[in-house]
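Residue numbers (the UniProt record's numbering): 1 to 235.
Below is one structure, written out as structure tokens; the observations come after it.
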Ligand SMILES: [Fe+2]
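In structure tokens:
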């Protein structure tokens with residue numbers, strides 16, 4: 001047996017070397033209008049996560065919130081990364097989250113842009129908090145005016161054994177004609193669900209329609225949603 005294992009190893013190496021080129025290196029194929037969805041899991045959540053949740057709860061206690069796509073929940077205004085509720089310096093937890101989001105933006109963009117191009121981009125970032133109690137949900141919406149948008153799950157809540165879809169983030173087919181011919185294999189007219197986890201960060205194009213299934217677990221689901229506007233630097 002040992003001698004057969006040693007003989008098999010070189011064949012596996014050769015198979016990798018002779019594998020077809022990646023899609024990106026083919027000159028007879030263009031992947032146009034591809035839709036990047038970037039998911040980063042931080043497990044365990046960062047050490048500042050619990051303090052971030054406390055900050056958001058403090059803000060909720062002093063801010064009536066606003067109504068957008070959210071139903072049955074609270075949403076802050078989109079100045080979460082500008083200053084704290086008292087106008088002082090931005091709390092360190094928000095600074096940490098802002099840096100985390102910025103890093104994820106660069107990593108995502110680096111994967112979809114030509115090599116080195118990401119260094120020519122300047123990013124404007126705004127963010128708002130959501131607290132979604134049991135029964136709360138977000139209707140279908142896009143993030144107008146943002147190139148990339150996303151959510152960081154400060155507290156994804158707890159599962160509902162009777163509802164596997166509780167709190168799922170659902171993305172919809174963005175191509176206008178995509179719904180004309182359903183194909184699971186080709187991804188035509190297929191929705192894509194993400195089951196949130198505490199410490200998860202999800203990035204997607206701002207044009208991409210999405211919604212949040214009703215959260216039916218105990219407690220509340222807490223997220224920070226954000227919008228990124230990108231500008232090409234002149235220098
Ligand atoms: Fe959204």
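Don't be surprised by glycine CBs; every beta carbon is placed ideally from N, CA and C.
Just so you know, these numbers come straight off a predicted model, no measurement behind them.
1. For residue 179, which residues in the same chain have their Cβ closer than 8 Å to its Cβ, ignoring the five residues on either side in sequence?
2. Is residue 212 helix, strand or coil when you go by DSSP?
3. Count the other C-beta atoms from every protein chain shown that fall within 10 angstroms of the C-beta of residue 182, then say buried if there are 16 or more, exposed otherwise.
4. My output table needs one value for residue 200: the three-state DSSP class, helix, strand or coil.
5. So, under 8 Å CB-CB, residue 201 and residue 121 are touching, yes? Tell me the CB distance rounded to an integer number of Å.
6. Hey, residue 197 and residue 54 are a contact pair by Cβ (cut 8 Å); roughly how many whole angstroms apart?
7. May I ask you to check if the CB of residue 147 is nearer than 8 Å to at least one heavy atom of ligand 1?
8. Rounded to whole angstroms, how far is the Cβ of residue 147 from the Cβ of residue 206, which I believe are closer than 8 Å?
9. Return the chain-ordered list of same chain residues with a C-beta closer than 6 Å to the C-beta of residue 119, the five sequence neighbours on each side being excluded.
10. So which of 170, 129 and 116 has the shortest CA-CA distance to residue 233?
11. For the alpha helix (DSSP H) containing residue 67, name the first residue and the last one.
12. Check for me: the alpha helix (DSSP H) holding residue 101 runs from which residue to which?
13. Does the stretch 155-174 come into contact with the stretch 97-107, if we say contact requires no fewer than three beta-carbon pairs (one atom in each stretch) closer than 8 Å?
14. Rounding to the nearest angstrom, what Cα-Cα distance links residue 140 and residue 29 in this structure?
15. If distances are taken between C-alpha atoms only, which option among 125, 136 and 210 comes closest to residue 216?
16. Between which two residues does the beta strand (DSSP E) harbouring residue 232 extend?
17. Sorry if obvious, but does the Cβ on residue 151 come closer than 8 Å to a heavy atom of ligand 1?
18. Helix or strand or just coil, what does DSSP make of residue 121?
19. Residue 218 to residue 65, Cα distance in whole Å?
20. How about residue 182: is its Cβ closer than 8 Å to a heavy atom in ligand 1?
21. Is residue 62 near ligand 1, judged by its Cβ being under 8 Å from some heavy atom?
22. Can you find a heavy atom of ligand 1 that lies under 8 Å from the Cβ of residue 225?
On the basis of the supplied data:
1. Here residue 179 refers to the residue found at position 179 when the chain shown is read from its first residue. Residues 173, 188 and 189 of the same chain have their beta carbon placed closer than 8 Å to that of residue 179, with the five preceding and five following residues left out of the count.
2. Against the chain shown, residue 212 aligns to sequence position 212. Strand, per DSSP.
3. For the purposes of this step, residue 182 is taken as the residue at position 182 of the chain shown. Residue 182 is exposed by the Cβ-count criterion.
4. As a first step, residue 200 is located in the chain shown; it is residue number 200 there, counting from the start. Of the three classes helix, strand and coil, the one that applies to residue 200 here is strand, per DSSP.
5. Translated into positions along the chain shown, residue 201 becomes position 201. Translated into positions along the chain shown, residue 121 becomes position 121. In this structure residue 201 does not touch residue 121 by the C-beta definition: roughly 19 Å separates them, more than the 8 Å allowed.
6. Position 197 of the chain shown, counted from the first residue, corresponds to residue 197. Position 54 of the chain shown, counted from the first residue, corresponds to residue 54. With a beta-carbon spacing of about 20 Å, residue 197 and residue 54 fall beyond the 8 Å limit used to define contacts.
7. As a working mapping, residue 147 is identified with position 147 in the chain shown. For ligand 1, not one heavy atom lies less than 8 Å from the Cβ of residue 147.
8. If you number the chain shown from 1, residue 147 lands on position 147. If you number the chain shown from 1, residue 206 lands on position 206. That pair is a contact at about 6 Å.
9. The residue labelled residue 119 in the question sits at position 119 within the chain shown. Take residue 119, set aside five residues on each side of it, and no residue of its chain has a beta-carbon closer than 6 Å to its own.
10. As a position in the chain shown, residue 233 is number 233, starting the count at 1. For residue 233, the nearest C-alpha among the options comes from 116.
11. For the purposes of this step, residue 67 is taken as residue 67 along the chain shown, with counting starting at 1. For residue 67, there is no enclosing alpha helix (DSSP H), as DSSP gives it neither H nor E.
12. Here residue 101 refers to the residue found at position 101 of the chain shown. Segment 92-112, the alpha helix (DSSP H) holding residue 101.
13. Note that the stretch 155-174 does not touch the stretch 97-107; fewer than 3 beta-carbon pairs, one per stretch, sit closer than 8 Å.
14. Reading the chain shown from its first residue, position 140 is the one you call residue 140. Reading the chain shown from its first residue, position 29 is the one you call residue 29. Note on geometry: alpha-carbon atoms of residue 140 and residue 29 lie some 33 Å from one another.
15. Locating residue 216 in the chain shown gives position 216, counting from the first residue. Checking every option, the nearest Cα to that of residue 216 belongs to 136.
16. Sequence index remark: in the chain shown, residue 232 carries index 232 (1-based). Membership of residue 232 in the beta strand (DSSP E) is indicated by the continuous run 220-232.
17. For the purposes of this step, residue 151 is taken as residue 151 along the chain shown, with counting starting at 1. Checking every heavy atom of ligand 1 against the Cβ of residue 151, one is found closer than 8 Å.
18. On the chain shown, residue 121 is found 121 positions in, with the first residue counted as 1. In this structure, residue 121 counts as strand in the three-state DSSP scheme.
19. If you number the chain shown from 1, residue 218 lands on position 218. If you number the chain shown from 1, residue 65 lands on position 65. Each residue's alpha carbon lies about 22 Å from the other.
20. In the chain shown, residue 182 corresponds to position 182, counting from 1. Checking the Cβ of residue 182 against ligand 1 gives no.
21. Within the chain shown, numbered from 1, the residue matching residue 62 stands at position 62. No, since every heavy atom of ligand 1 falls outside the 8 Å radius drawn around the Cβ of residue 62.
22. In the chain shown, counting from the first residue as 1, residue 225 sits at position 225. Inclusion of residue 225 in the 8 Å shell around ligand 1 follows from its C-beta lying nearer than that to a non-hydrogen atom of the ligand.
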